[in-house]
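All residue numbers for the sequence shown refer to full-length UniProt numbering, where the first residue is 1 and numbers rise by one.
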Amino acid sequence: MDVLVSALDQQEEEQTEDFGEEDRQKEAIVAELENEFDYRSQALGEEYPFLLSDDAEELHLVRSWEDQRAVFYFVCLLSSHLVNSPFVTFDISTGMITRLRNEVFQIVSTLAMAGVSLGPSVSIGWPRNSDETILEVLRRASAGHAGFNARAAAHPEVANPHDKDGGMDVISWRSAYRPPPLNLYFGQVASGADWKGKSAANKAKSFKAKFIELGPLGNEDYTTLTPLRIADEPLWKREHADHGSIVDRTMLPTLAYSGMQLAADGVMVDEAENLPTVLQWVADYRTEALS
1 MDVLVSALDQ QEEEQTEDFG EEDRQKEAIV AELENEFDYR SQALGEEYPF LLSDDAEELH
61 LVRSWEDQRA VFYFVCLLSS HLVNSPFVTF DISTGMITRL RNEVFQIVST LAMAGVSLGP
121 SVSIGWPRNS DETILEVLRR ASAGHAGFNA RAAAHPEVAN PHDKDGGMDV ISWRSAYRPP
181 PLNLYFGQVA SGADWKGKSA ANKAKSFKAK FIELGPLGNE DYTTLTPLRI ADEPLWKREH
241 ADHGSIVDRT MLPTLAYSGM QLAADGVMVD EAENLPTVLQ WVADYRTEAL S
């Protein structure tokens with residue numbers, strides 16, 4: 001806890017010479033950290049890999065990063081401290097950052113979208129791990145009763161000939177015994193600090209015009225996924241008006257684990273087979289940190 005307080009203290013632009021005031025500020029920081037721990041542990045449950053000691057002095061690791069229930073939180077945590085972090089004292093390689101943004105967080109987000117919808121989830125963001133074109137992915141979703149029909153070819157007057165994903169990253173849906181689905185979710189993956197400008201709601205209209213011929217039928221929803229912890233409550237509420245719904249670090253790990261469970265039950269959840277890629281990225285991050 002002292003390390004966290006010191007790191008936060010270093011971020012203060014003005015240091016007071018009043019030692020009594022300084023002690024009060026540190027006590028306030030400690031109280032804030034304790035409250036934040038309580039919030040995260042309650043929000044995430046088994047997917048939160050830390051435990052605060054009884055004297056609130058130490059944060060103990062209770063789940064290994066290799067544990068499937070913990071790895072998604074570690075991806076979010078490490079993603080949040082890739083650049084300009086007071087907690088990271090080494091330079092993270094460009095390759096690690098590229099792997100995270102191009103593949104690892106896409107995998108985690110696709111799993112999480114299955115957790116959001118409690119149903120199938122397909123990965124359409126580019127680059128894709130599969131060799132499918134975007135229309136082939138959409139036809140597979142359509143065959144899985146996603147509630148729309150994909151076009152035979154991208155709309156020639158709307159789509160860019162070089163368009164790989166139409167600006168969308170994930171589609172998931174809540175299956176019904178009798179199709180169409182109760183809800184179809186468009187998901188936008190936002191791994192960096194620019195998440196506010198990445199709204200699936202703002203991309204959905206053009207995406208449908210480019211690639212979807214009929215539908216979607218049923219309710220249409222939008223979700224933005226970020227590894228960050230968005231603690232600013234007014235900002236959190238304001239951005240929902242633009243994004244539809246937002247999944248941050250206090251929800252994403254639990255939803256991703258739920259997606260893995262759905263895949264294990266036979267639900268069509270893309271990227272579930274790529275969990276080893278996620279584990280390897282965390283392992284490589286650890287190797288860089290210790291070298």
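Virtual Cβ for every residue (Gly too), placed ideally from N, Cα, C.
Note that the structure is a prediction, hence the values are computed from the model and not measured.
Per DSSP, which residues does TRP173 bridge with? Please list them. DSSP lists LEU184 as partners of TRP173.
Using CA atoms only, rank isn't needed, just tell me which of PHE50, SER175 and LEU78 is closest to GLU36. Ranked by how close their Cα comes to the Cα of GLU36, the residues PHE50, SER175 and LEU78 have PHE50 in first place.
For ASN183, count neighbouring Cβ atoms within 10 angstroms of its own Cβ and tell me buried if that reaches 16, exposed if not. Around the Cβ of ASN183, a 10 Å sphere holds 16 or more other Cβ atoms; the residue is buried.
Over what stretch of residues does the alpha helix (DSSP H) that includes GLN81 continue unbroken? Here residue 81 is His; the residue named in the question, Gln, does not match the sequence. No residue range can be given for HIS81, since it is assigned to no alpha helix (DSSP H) and is classified by DSSP as neither H nor E.
Could you give the distance in angstroms between the alpha-carbon of ARG24 and the alpha-carbon of TYR39? It is roughly 23 Å from the alpha-carbon of ARG24 to the alpha-carbon of TYR39.
Just reading off the alpha helix (DSSP H) that VAL278 is part of, what are its end residues? Looking at the DSSP string, the run of the alpha helix (DSSP H) that includes VAL278 is 275-290.
Just the Cα atoms here: how many angstroms apart are ILE92 and LEU100? Looking at the two C-alpha atoms, the distance is approximately 12 Å.
In the DSSP output, which residue or residues are listed as bridge partners for PHE50? Paired residue(s): LEU61.
Could you check the C-alpha separation between ILE134 and VAL189 for me, to the nearest Å? Across the structure, ILE134 and VAL189 are spaced so that their CA atoms are roughly 16 Å apart.
Member of PRO253, TRP173, PHE148 and GLY259 whose CA lies at the smallest distance from the CA of LEU217: Closest by alpha carbon: PHE148.
Does DSSP put ALA146 in a helix, a strand or coil? ALA146: coil per DSSP, three-state reduction.
Only counting the same chain, and skipping five residues up and downstream in sequence, which positions put a Cβ closer than 7 Å to that of MET268? For MET268, where only same-chain residues beyond five positions count, the Cβ hits under 7 Å are PRO120 and GLY144.
Exposure label - SER6; buried when at least 16 CB within 10 Å: Reliability of the predicted coordinates at SER6 is poor, the pLDDT of 49 falling under 50, and no value is obtained from them.
TYR257, buried or exposed, once every other Cβ within 10 Å from all chains shown has been counted against 16: In the assembly as shown, TYR257 is a buried residue. Its beta-carbon has 16 or more other beta-carbons within 10 Å.
For LEU225, count neighbouring Cβ atoms within 10 angstroms of its own Cβ and tell me buried if that reaches 16, exposed if not. Burial call: buried.
Could you check which residue in SER172, GLU103, SER41 and ILE97 has the C-alpha nearest to that of GLY259? Out of SER172, GLU103, SER41 and ILE97, SER172 has the C-alpha closest to the C-alpha of GLY259.
Extent of the continuous alpha helix (DSSP H) run through THR250: Counting along the chain, THR250 falls outside any alpha helix (DSSP H), and DSSP gives it neither H nor E.
By the DSSP assignment, the beta strand (DSSP E) with VAL122 in it spans what residues? 121-123 is the extent of the beta strand (DSSP E) around VAL122.
Considering only their Cβ atoms, is the gap separating SER80 from ARG229 smaller than 8 Å? In contact: ARG229 and SER80 (Cβ atoms closer than 8 Å).
Anticipated Cβ contact below 8 Å, ALA114 with THR250, distance rounded: The C-beta separation of ALA114 from THR250 comes to about 18 Å, leaving the pair out of contact by the 8 Å criterion.
Would you call TRP70 buried or exposed, if buried means 16 or more other Cβ atoms sit within 10 Å of its Cβ? One point to set straight first is that residue 70 is Ala, not Trp, in the sequence displayed. Its Cβ being crowded by 16 or more others within 10 Å, ALA70 is buried.
Spatial distance of GLN280 from GLU288 (CA atoms): Counting only the Cα atoms, GLU288 lies some 12 Å from GLN280.
Between ALA209, ALA272, VAL75 and GLU34, which lies nearest to VAL282 when the distance is taken from Cα to Cα? Residue VAL75 is the option with its Cα nearest to VAL282.
Which residues bound the beta strand (DSSP E) around ASN225? Sequence inspection shows Leu at residue 225; the Asn mentioned does not correspond to that position. Its beta strand (DSSP E) spans residues 219-225.
CA-CA distance, GLU103 and ARG128? Approximately 8 Å, taken between the alpha carbons.
Just how far apart, CA to CA, sit VAL30 and ALA56? Roughly 9 Å between the two C-alpha positions.
Taking the C-alpha atoms as reference points, what is the distance between ILE246 and ARG238? Those two C-alpha atoms are separated by around 11 Å.
ILE107 vs GLU213 beta-carbon contact at 8 Å: No, the pair does not count as a contact, with Cβ atoms beyond the cut-off.
Whole angstroms are fine: how far does the CA of ALA209 sit from the CA of GLU58? Approximately 53 Å between the Cα atoms of the pair.
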